[in-house]
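Protein chains in written order, with the numbering used here: chain L, 1 to 350; chain H, 351 to 700.
Glycine is no exception: its CB is placed at the ideal position from the N, C-alpha and C atoms.
There are 2 protein chains.
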Amino acid sequence: MKSYFRPEIDALAGYTPGEQPKMPGLVKLNTNENPYPPSPRVRDAVANFDARSLRLYPDPTADALRDAIARRFGCRHENVICGNGSDDLLTMIFRAFTDPERSMAMPDPAYSLYPVLAAMQGAESRLIPLAEDFSLPGDFLEQAKGANLLAFPRPNAPTGVSFARETMERICRDFDGIVLIDEAYADFADDNCLDFALRFDNVIVMRTFSKSYSLAGLRLGYAVSSPAIVDGLMKLKDSYNTDRLSQTIGLAAFEDRGYLAECTAKVRSTRARLTAALRELGFRVLDSQANFVFAAPPGGDGKPYFDYLRQNAVIVRYFPAPRTRAFTRITIGTDPEIDRLLALTREFVK
Amino acid sequence: MKSYFRPEIDALAGYTPGEQPKMPGLVKLNTNENPYPPSPRVRDAVANFDARSLRLYPDPTADALRDAIARRFGCRHENVICGNGSDDLLTMIFRAFTDPERSMAMPDPAYSLYPVLAAMQGAESRLIPLAEDFSLPGDFLEQAKGANLLAFPRPNAPTGVSFARETMERICRDFDGIVLIDEAYADFADDNCLDFALRFDNVIVMRTFSKSYSLAGLRLGYAVSSPAIVDGLMKLKDSYNTDRLSQTIGLAAFEDRGYLAECTAKVRSTRARLTAALRELGFRVLDSQANFVFAAPPGGDGKPYFDYLRQNAVIVRYFPAPRTRAFTRITIGTDPEIDRLLALTREFVK
């Protein structure tokens, strides 16, 4: 049968998200979900939601939520755009700034969705190898030169490593193109770069409700940038991209700052304990600023460890590329979940 | 300030969705929302929803809903893809099948979002004028030749006119490209073209929960097509494009066939009454198969009528293009809302 798809789409392998297996009793540490439930205010927002209101379209720009976000960061709502998860925002950003003449650059390894989004646009991806310790190489900016979009997760995924703020600031100031800082994991980190989105005209900082707010199932994210960039992205946005329930629930979660602080503190404390315990067992564990750790078992091959955990109903993530295959990425679970993982790990290293 | 946007995006005016005004007491007949609330099963699905489950990602392909849709239409779930509203599916379809070498053709007037989506891709839009009665011209297929994507709303928007099934079938069979039949309003019509999506490899039929299911605020739509086309669109889909609440609520609404039949029957009955009453008052009213009517007041200018209604807190839609400016598009409301509109209309024509 003849294909009418654009050749770029026919050529595309597509992005494979982490598995969502349905086995009971599984310890699921593979997609960086938060092990704690969302804020009690989320439960109340669902319980008090008037289902009859669903007959009407939502606010196309989610202004109640945008206003709350703008207040939090001391900017105007013209600096904020909401998306159906960060994925929706990433899609808009790649459609806005990449094409066969406008390439994307990124550190490698980083979020493997970026090159897929670039390929959809027929755009080249320049993967700039990170240093041995997964920090940015000294000549990163030189290597990125000529790209129109420079995309970073910070903290980085799948490594959990956070790049130095001074380095990020220099990149934002000196890069001739859009700098996208994907702060999906920033609420678990010691610092963030949100202020750069307001200080530099060419910087976009993205956040999501999926991780720190325990709302991966809701699909809600936002980006902060200059009004000119937000305006342009608005043109590409599906008219009503965030729904009534998401807007209401997202706002309820966002306003519960105490609960966010409590949950992220628990995750950080478990992260420290897991890091120390794995190192004790001979693993190389990168210093993580995210809600996961990137850990290489003794022997330099992540696969047998990944397989062993899987056989024992603990699912983590394994990336078979050359730079990542020594490692597995382990999402921070509850303390009992991490205890189970550590008990299996002790068996494994024997 | 230098723009890093693709020139196509800088040049884009963007699509303006219908207003969502917030005045109290307003009769809102401008965006084709259903005047009746969603099924009582929707209320129950919200009330019984476990908010804790939101910490986990949703099913990326919404398989419980896809299976229910496939069962209803006697196909397999490989024939079905779900979207964050039809908008999300339209975006995927235009990204899949249009670019500077692959143009889009459509009847004119039709849904004004299509040319905006084509422009985002740098693709040309060929607008093929409808006949005086807003039916397809005899040489439509010849005029569409060479386009890679042929997009129709059926029933058409903003006219409400449905194109003959035999004509649609011939187009599906003979057009060398993708035929997209956007059946947003099909549940209000006497017939539909869903079977063509399963009989022809190049046909996509789209449906939405926004209109007939009274769930515009939820953002949920689906497309039925050949497995090869669904596979290709899946590559372009955001990984988790429909959220947990939408999947649960959508399924509950979809399974309540009795309520759907009851609501659409009420809308059709009010549509017949409104059509007759406006004709009585000297309006030209096209035969509508949708949940709105396209009606031209005596005198051949829709604008003063639109303005008069608006001054009296009744909002309808006016499209100032040459082919549409004699008309206003009036969404079918409740009977009391339509009575209010008719009372004002009687004043207006005096």
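Take the Cβ of K22/L as the centre, count every other Cβ of all protein chains shown within 10 Å, and call the residue buried at 16 or more, exposed below.
It counts as exposed.
Looking only at its own chain, which residues have a Cβ that is under 7 Å from the Cβ of L136/L, when we skip the five neighbours before and after it?
Within the same chain, L136/L has close Cβ partners P107, L130, F163 and T167.
Relative to the C-alpha of Y690/H, which candidate in I554/H, L628/H and P654/H has its C-alpha closest?
This sequence places Arg at residue 690/H; Tyr is not what is there. For the residues I554/H, L628/H and P654/H, the minimum Cα distance to R690/H belongs to L628/H.
Could you name the residues of the same chain whose beta carbon sits closer than 7 Å to that of D606/H, not counting the 5 residues immediately before and after it, in chain order?
Here the set comprises S389 and R391.
Three Cβ pairs or more, each shorter than 8 Å: is that satisfied between the stretch 212-223 of chain L and the stretch 585-598 of chain H?
Flag = yes, the stretch 212-223 of chain L and the stretch 585-598 of chain H touch.
Assuming F306/L contacts T331/L (C-beta within less than 8 Å), just tell me the rounded distance between them.
Rounded, the Cβ-Cβ distance is 13 Å, inconsistent with contact.
Return helix, strand or coil for A296/L, following the three-state DSSP convention.
If DSSP states are grouped into helix, strand and coil, A296/L belongs with the strands.
Buried or exposed: where does P24/L fall if 16 or more other Cβ atoms within 10 Å of its Cβ makes it buried?
Exposed, by the Cβ-count rule.
Should G83/L go down as buried or exposed, given a rule of 16 or more other Cβ atoms within 10 Å for buried?
When all chains shown are included, G83/L counts as buried.
Rounded to the nearest angstrom, how far is the Cβ of M120/L from that of L233/L, given a contact under 8 Å?
With 8 Å as the limit, M120/L and L233/L do not qualify as a contact, their Cβ atoms being about 17 Å apart.
Could you tell me if A343/L is buried or exposed, where buried requires 16 or more neighbouring beta carbons within 10 angstroms of its beta carbon?
Exposed, because fewer than 16 other Cβ atoms sit within 10 Å of the Cβ of A343/L.
Less than 8 Å between the C-beta atoms of P155/L and Y111/L, yes or no?
Not closer than 8 Å, so no.
For P7/L, does the count of other Cβ atoms within 10 angstroms reach 16, so buried, or fall short, so exposed?
Result: exposed.
Check whether chain H comes within 8 Å of N148/L, counting only Cβ atoms and requiring the distance to be less than that.
At least one chain H Cβ lies under 8 Å of N148/L.
Less than 8 Å between the beta carbons of V377/H and A640/H, yes or no?
Their beta carbons are not under 8 Å apart, which means V377/H does not touch A640/H by this criterion.
Is there at least one Cβ from chain L nearer than 8 Å to L595/H's Cβ?
True, the Cβ-Cβ gap to chain L drops below 8 Å.
Locate the alpha helix (DSSP H) running through D88/L, then write down its first and last residues.
Start and end: G85 to F97.
Using CA coordinates, which residue listed in C263/L, V230/L, L274/L and A272/L is at the minimum distance from R76/L?
If we check each option's Cα against that of R76/L, V230/L comes out closest.
Between V42/L and chain H, is the shortest Cβ-Cβ distance under 8 Å, so that the two count as touching?
At least one chain H Cβ lies under 8 Å of V42/L.
Who are R416/H's beta bridge partners in DSSP?
Answer by DSSP bridge pairing: none, since R416/H is not bridged.
Quick check on C543/H: does DSSP put it in helix, strand or coil?
It is coil, neither helix nor strand.
Is D307/L helix, strand or coil when you go by DSSP?
It is helical.
Relative to the alpha-carbon of S53/L, which residue among R402/H, D409/H, S564/H and R675/H has its alpha-carbon at the smallest distance?
Nearest of R402/H, D409/H, S564/H and R675/H to S53/L, Cα basis: S564/H.
Could you give the first and the last residue of the continuous alpha helix (DSSP H) run that contains T248/L?
From DSSP, the alpha helix (DSSP H) with T248/L extends over R244 to E255.
Along chain L, which residues have their Cβ under 7 Å away from the Cβ of V396/H?
In chain order: V46, F49 and A51.
Report yes or no: do the stretch 84-96 of chain L and the stretch 266-278 of chain L share at least 3 C-beta pairs separated by less than 8 Å?
Short answer: they don't touch.
By the 10 Å Cβ neighbour count, where 16 or more other Cβ atoms means buried, how is A47/L classified, buried or exposed?
That one is exposed.
Distance, Cα to Cα, Y572/H vs T558/H?
Rounded to whole angstroms, Y572/H to T558/H spans 6 Å at the Cα level.
If you drop the 5 nearest sequence neighbours on each side, which residues of the same chain put their C-beta closer than 7 Å to that of L251/L?
A64, L65 and A68.
Name the one or two DSSP bridge partners that D50/L has.
According to DSSP, which records beta bridges pairwise, D50/L is partnered with nothing at all.
What residues from the stretch 440-467 of chain H come within 9 Å of chain L, judged by C-beta to C-beta, listed N to C?
Listed by position along the chain: L440, T441, R445, A446, F447, T448, D449, E451, R452, L463 and V466.
Am I right that V224/L and F94/L are in contact with their C-beta atoms under 8 Å? What's the rounded C-beta distance?
Their Cβ separation, rounded to whole angstroms, is 18 Å, which puts V224/L and F94/L out of contact at 8 Å.
What would DSSP say about R391/H, mapped onto helix, strand or coil?
Here R391/H sits in helix by DSSP.
Given that I178/L touches chain H, what residues does it touch there, using C-beta distances under 7 Å?
In chain order: Y354.
Alpha carbon to alpha carbon, how far is N30/L from D409/H?
Using only the alpha carbons, I get a separation of about 15 Å.
Assuming F188/L contacts V267/L (C-beta within less than 8 Å), just tell me the rounded distance between them.
Between V267/L and F188/L the Cβ distance is about 6 Å, and since that is below 8 Å, they are a contact.
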